[in-house]
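Colleague: Residue numbers (my numbering), protein chains in the order written: chain E, 69 to 222; chain D, 69 to 222.
Cβ coordinates follow ideal geometry from the N, Cα and C atoms, glycine included.
What follows is a structure written as structure tokens; I'll ask about it next.
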DNA sequence: TTCATTTGTAACCATTATAGTTACAAATGA
DNA sequence: TCATTTGTAACTATAATGGTTACAAATGAA
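Dropping the structure here:
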């Protein structure tokens, strides 16, 4: 398993908030859907809030809400809110006295940046609303499939 | 620091092999340039060899060589030889009984695949020969800069 | 044949990142 | 006043990674 599932969980969280519309959703509720601890949710929310994607309220009837329509919230923004590293990691301290070791990082830096940008541009094509819509569509397809299965048993 | 520097180190290794042309290069020599242990190099080489990018010979005058011209070796192939995970990790076991948790993975899967492909296509635009050329270019620029510095001191 | 060199790989350790958990102060509204 | 909920610190367990030691097998030179 690759590390850092925070982006994936963030998309899940935001899809849930979208589904709830204006009603505030608690960390507890979200944690049940994601199947994790509420603190894990709050930890991620902390990043999303710092980037202005969500807002929170304490106390009863408290919880989380989107600050914008989900259709205006791109996955690139979500990614940038919770990602602190590039997808391609540079190796550290190559030998500076070597003709290659001394300057390989500059050469790779340009390549890595282009790869990173290409990936983020792909994410930018999708919104949180798209994710929810696709999830619900998969739901319907699965429901149909299950109906077919029960048909077979009749 | 982000994990997995193997792709970065692989590019470094292959640039070194390119610079040495047909002469076999030992893990020891490469390790000195990368500044790591020779076993770390061999570990990575093992992947590159399994994908047919390099070949090895034991014993004296042994070492590593490219199996192809560096200009015909794209960074995408290098990436695929040493990467075992997607850049975006899916979160595990969301609640299957939840309308969203039950199908979010299918929705995100498509998005993640597009992002992964976009990144790899960006890598495909570069060859190992490009990396070496850019490294040497950075070398020359740096040499010029240092010459300027010493000019100032005259 | 013998020996130095080098790969190939297993095994182990230290470090780090992450997810999960407990705990509790602060905020909020009923 | 109290139950609810966020916000955050602190701790633990787990897993991945890089580094290291060790050694068998291959290879070519002396």
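1. Measure from the alpha carbon of residue 210 of chain D to the alpha carbon of each residue in E/168, E/137, E/128, then state which is nearest.
2. Between which residues of its own chain and residue 82 of chain D is the CB-CB distance below 6 Å, once the five residues before and five after are set aside?
3. Give the DSSP-derived three-state secondary structure of residue 134 of chain E in the structure shown.
4. Tell me whether residue 123 of chain D sits in a helix, a strand or coil according to DSSP, three-state version.
5. Flag this pair as yes or no: are the beta carbons of residue 149 of chain D and residue 116 of chain D separated by less than 8 Å?
6. Looking only at its own chain, which residues have a Cβ that is under 8 Å from the Cβ of residue 69 of chain D, when we skip the five neighbours before and after it?
7. Which term fits residue 222 of chain E, buried or exposed, when burial requires 16 or more other beta carbons within 10 angstroms of its beta carbon?
8. Got a sec: is the Cβ-Cβ distance from residue 203 of chain D to anything in chain E below 8 Å?
9. If residue 144 of chain E and residue 192 of chain E are in contact, beta carbons under 8 Å, what's the gap, nearest whole angstrom?
10. So, using beta-carbon positions, are residue 146 of chain E and residue 159 of chain D closer together than 8 Å?
11. Which residues in chain D sit within 7 Å of residue 170 of chain E, going by Cβ to Cβ distance?
12. In chain E, which residues lie less than 8 Å from residue 138 of chain D when you measure between Cβ atoms?
13. Taking C-beta to C-beta, are residue 181 of chain D and residue 170 of chain E nearer than 8 Å?
14. Using a threshold of 8 Å, state whether the C-beta atoms of residue 93 of chain D and residue 194 of chain E are closer than that.
15. Does any CB atom of chain E fall closer than 8 Å to the CB of residue 103 of chain D?
16. Compare the C-beta of residue 75 of chain D with all C-beta atoms of chain E and state if any pair is closer than 8 Å.
17. Could you have a look at residue 139 of chain D and say whether DSSP puts it in helix, strand or coil?
18. Counting C-beta neighbours from all protein chains within 10 Å, is the total for residue 121 of chain D 16 or more, i.e. buried, or is it exposed?
19. Using DSSP's beta-bridge definition, name the partner residues of residue 93 of chain E.
20. Give me, in chain order, the residues of the same chain whose beta-carbon lies closer than 8 Å to that of residue 161 of chain D; leave out the 5 immediate sequence neighbours on both sides.
21. Relative to chain D, which residues along the region 131-164 of chain E have a C-beta separation below 7 Å, given in chain order?
22. Taking the alpha carbon of residue 172 of chain D as the point to measure from, which residue in E/151, E/205, E/106 has its own alpha carbon closest?
23. Would you mind telling me which residues of chain D sit closer than 7 Å to residue 182 of chain E, beta carbon to beta carbon, in chain order?
24. Is there a Cβ from chain D that is less than 8 Å from the Cβ of residue 197 of chain E?
25. Decide if residue 156 of chain D is buried, meaning its Cβ has at least 16 other Cβ atoms within 10 Å, or exposed.
26. Mind listing the chain E neighbours of residue 167 of chain D? Cutoff is C-beta to C-beta under 7 Å, in chain order.
27. How would you list, in chain order, the residues of chain E whose beta-carbon sits under 7 Å from the beta-carbon of residue 108 of chain D?
28. Taking all protein chains shown into account, decide if residue 188 of chain E is buried (16 or more other Cβ within 10 angstroms of its Cβ) or exposed.
29. Around the Cβ of residue 90 of chain E, are there at least 16 other Cβ atoms within 10 angstroms (buried) or fewer (exposed)?
30. Starting from residue 156 of chain D and walking both ways along the alpha helix (DSSP H), at which residues does that stretch end?
31. My understanding is that residue 154 of chain D touches residue 118 of chain D, with C-beta atoms under 8 Å, so please give their C-beta distance in whole angstroms.
32. Can you name, in chain order, every residue of its own chain whose Cβ lies under 8 Å from the Cβ of residue 135 of chain D, other than the five neighbours on each side?
33. Along chain D, which residues have their Cβ under 8 Å away from the Cβ of residue 174 of chain E?
Modeller: This is what the structure holds:
1. Among E/168, E/137, E/128, the Cα nearest to that of residue 210 of chain D is on E/168.
2. Closer than 6 Å at Cβ, skipping near neighbours: 196.
3. Secondary structure of residue 134 of chain E (DSSP, three-state): strand.
4. In the structure shown, residue 123 of chain D sits in a strand (DSSP, three-state: E or B).
5. In this structure, residue 149 of chain D places its C-beta atom within 8 Å of the C-beta atom of residue 116 of chain D.
6. For residue 69 of chain D, the predicted model reports a pLDDT of 43, less than 50, meaning its position is unreliable; a value from the coordinates is still stated below. If you ignore the 5 residues before and after residue 69 of chain D, its C-beta comes within less than 8 Å of no other C-beta in its own chain.
7. Note that residue 222 of chain E has pLDDT 47, beneath the 50 cutoff, so the model's placement of it is unreliable and the number below is only indicative. Taking every protein chain shown into account, the CB of residue 222 of chain E has fewer than 16 other CB atoms within 10 angstroms, so this residue is exposed.
8. Yes, because at least one Cβ of chain E sits closer than 8 Å to the Cβ of residue 203 of chain D.
9. With a Cβ gap of about 4 Å, residue 144 of chain E and residue 192 of chain E count as contacting.
10. Using a Cβ distance threshold of 8 Å, residue 146 of chain E and residue 159 of chain D do not count as a contacting pair.
11. Under the 7 Å cutoff, chain D gives 207.
12. Under the 8 Å cutoff, chain E gives no residues; its nearest Cβ is about 13 Å from residue 138 of chain D.
13. The answer is no: Cβ separation not under 8 Å.
14. With contacts defined by Cβ atoms closer than 8 Å, residue 93 of chain D and residue 194 of chain E do not form a contacting pair.
15. The Cβ of residue 103 of chain D sits closer than 8 Å to at least one Cβ of chain E.
16. With 8 Å as the cut-off, residue 75 of chain D counts as an interface residue toward chain E.
17. The three-state reading of DSSP puts residue 139 of chain D in helix, counting H, G and I together.
18. Flag for residue 121 of chain D reads buried.
19. Residue pairing by DSSP places residue 93 of chain E opposite E/132 in a beta bridge.
20. So the list is empty, once near-sequence residues are dropped.
21. For the region 131-164 of chain E, residues whose beta-carbon sits nearer than 7 Å to a beta-carbon of chain D comprise 143, 153, 154, 155, 156, 157, 158, 159, 161, 162, 163.
22. E/205 is the residue among E/151, E/205, E/106 whose C-alpha sits nearest the C-alpha of residue 172 of chain D.
23. Counting only Cβ-Cβ distances below 7 Å, residue 182 of chain E has contacts in chain D at 190, in chain order.
24. Chain D, which has no Cβ nearer than 8 Å to the Cβ of residue 197 of chain E, makes this no.
25. Within a 10 Å sphere around the beta-carbon of residue 156 of chain D sit 16 or more other beta-carbons, which makes this residue buried.
26. The answer, in chain order, is 207.
27. Ordered by position in chain E, no residue passes the 7 Å Cβ test against residue 108 of chain D, which lies about 10 Å from the chain.
28. With 16 or more other Cβ atoms within 10 Å, it is buried.
29. Here residue 90 of chain E is exposed. Its C-beta has fewer than 16 other C-beta atoms within 10 Å.
30. Residue 156 of chain D -> no alpha helix (DSSP H), and no H or E assigned at all.
31. Wrong, their Cβ atoms sit about 20 Å apart, outside the cutoff.
32. So the list reads 120, 121, 122, 123, once near-sequence residues are dropped.
33. Within chain D, the residues near residue 174 of chain E are 202, 203, 206.
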